[in-house]
Amino acid sequence: MFHFISKRLKHSLVLLFLASLVCFTLVVSAPGNVAVLIAELRGAVATPGYVEQVAEEIGLNKPLLMRYVDWLGDALRGNFGISYRTGQDVSADLAARMSVTGILIAGGAVIATLLSLALGFLGALWPYRVPDRVSRGLALLGASIPTFFVGALMIYGFSVHFQLLPSFGFNGPQSWILPWLTVSVLPAAVLSRVVRVGLEEAMASPFVLTAKSKGLGRTAILFRDALPNITPIFINALGTQVGLMTATAIIVEPLFAWQGLGDYFLAGVRFRDFMVVQACLLIFLTFFILVNLIVDLAVLSTDPRIRRQWS
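Here the sequence shown is numbered in the numbering used here, starting from 2 and rising by one per residue.
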């Protein structure tokens with residue numbers, strides 16, 4: 002088991018290094034002269050002399066490898082430079098916004114987990130009957146509707162029409178509900194099918210016949226015997242969906258006027274603020290890699306077959 006953990010840690014470190022290369026390369030290869038853009042944002046006349054001065058100031062005249070090493074070293078120390086657009090420290094802005102995105106993803110993951118388990122068990126308790134057809138239809142609907150349209154429906158239904166919940170700003174738990182619901186619809190739909198199919202396969206296993214012979218009902222077998230068998234599969238799927246929520250946050254945060262990392266990333270792309278774009282991309286990829294590492298360790302703890310394989 003120790004060998005498995007050390008191997009996964011090594012793989013994660015390699016992936017983090019490759020992620021830093023991708024972030025740096027994507028931004029550096031973007032068309033246009035960054036020095037000219039910064040000179041214009043500062044309100045100065047972009048004369049060749051001033052553009053050269055800006056390029057020297059931000060290190061654009063250095064060799065590409067040296068620029069990458071400098072950037073990576075600063076990033077490891079938590080220093081992501083100065084925003085080209087605002088002139089403020091990017092690290093300070095990130096620290097202020099990470100909690101907003103963290104609340105969005107954490108709340109969405111909890112709701113997606115609860116909804117998916119409810120829909121999956123609803124179909125498994127009454128297979129191929131009305132509750133199962135309803136759960137399948139809801140899952141198909143949730144997986145088909147774009148996230149921005151789900152958010153618009155939430156705003157119109159709960160804020161405009163019924164006036165039950167706020168739709169604007171980050172102002173306490175009541176304002177978190179609609180963004181949580183919006184970001185959880187697609188993951189809940191996907192995970193509910195994972196639960197339903199996993200339970201159906203588990204209920205076709207020989208141990209179910211043994212449990213029935215002991216007089217256990219379908220509900221007891223589902224919770225006591227079938228659920229532990231699908232737990233590793235569900236954890237894997239949940240980890241993937243939580244990682245993909247970072248991309249969903251880019252859509253949901255501007256929709257509800259949340260000033261999180263997704264909104265910050267969009268602003269960086271819109272104004273070609275490359276320091277912000279690099280930092281946000283690196284944080285998104287790092288989060289995805291760390292989530293997958295945590296998922297692998299969680300699967301290891303819940304699946305005795307993997308523990309035996311690596312023991």
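Just so it is clear, CB atoms sit at the ideal spot from N, CA and C, and this is done for glycine as well.
Burial check for residue 264: the Cβ neighbour count within 10 Å reaches 16 or more, so the residue is buried. Assignment of residue 59 by DSSP, reduced to helix, strand and coil, places it in the coil class. Taking the Cα positions, residue 196 is about 33 Å away from residue 19. DSSP lists 83 as the beta-bridge partner residues of residue 90. Contact between the stretch 145-154 and the stretch 218-231 is absent: fewer than three C-beta pairs spanning the two stretches fall below 8 Å. Between the stretch 282-301 and the stretch 4-11 there are three or more C-beta pairs closer than 8 Å, enough to call the two in contact.
Just so you know, the alpha carbons of residue 252 and residue 280 end up roughly 18 Å apart. Judged by DSSP in its simplified three-state form, residue 39 adopts helix. Between the stretch 179-194 and the stretch 108-117, the count of C-beta pairs closer than 8 Å reaches three or more; the two stretches touch. A straight-line Cα-Cα distance of about 14 Å links residue 184 and residue 261.
Restricting attention to alpha helix (DSSP H) runs no shorter than 4 residues, the stretch 211-291 encloses them at 219-222, 228-256, 262-271, ordered along the chain. In the three-state reduction of the DSSP assignment, residue 165 falls in the coil class. Three or more Cβ pairs closer than 8 Å define a contact, and the stretch 237-251 falls short of that threshold against the stretch 48-63. Here residue 85 is buried. Its C-beta has 16 or more other C-beta atoms within 10 Å.
According to the DSSP assignment, residue 304 belongs to no alpha helix (DSSP H), since it is labelled neither H nor E.
Taking the CA atoms as reference points, residue 111 sits about 17 Å from residue 122.
Here DSSP, grouped into helix, strand and coil, assigns residue 6 to helix. One Cα belongs to residue 277, the other to residue 35, and the distance between them is close to 13 Å.
About 6 Å separates the CB atoms of residue 124 and residue 132; that is less than 8 Å, so the two are in contact.
Sequence-distant Cβ neighbours of residue 292 in its own chain, meaning closer than 6 Å and more than five residues away, are 240, 243, 244. When the Cα atoms are used, residue 64 and residue 98 turn out to be separated by approximately 33 Å.
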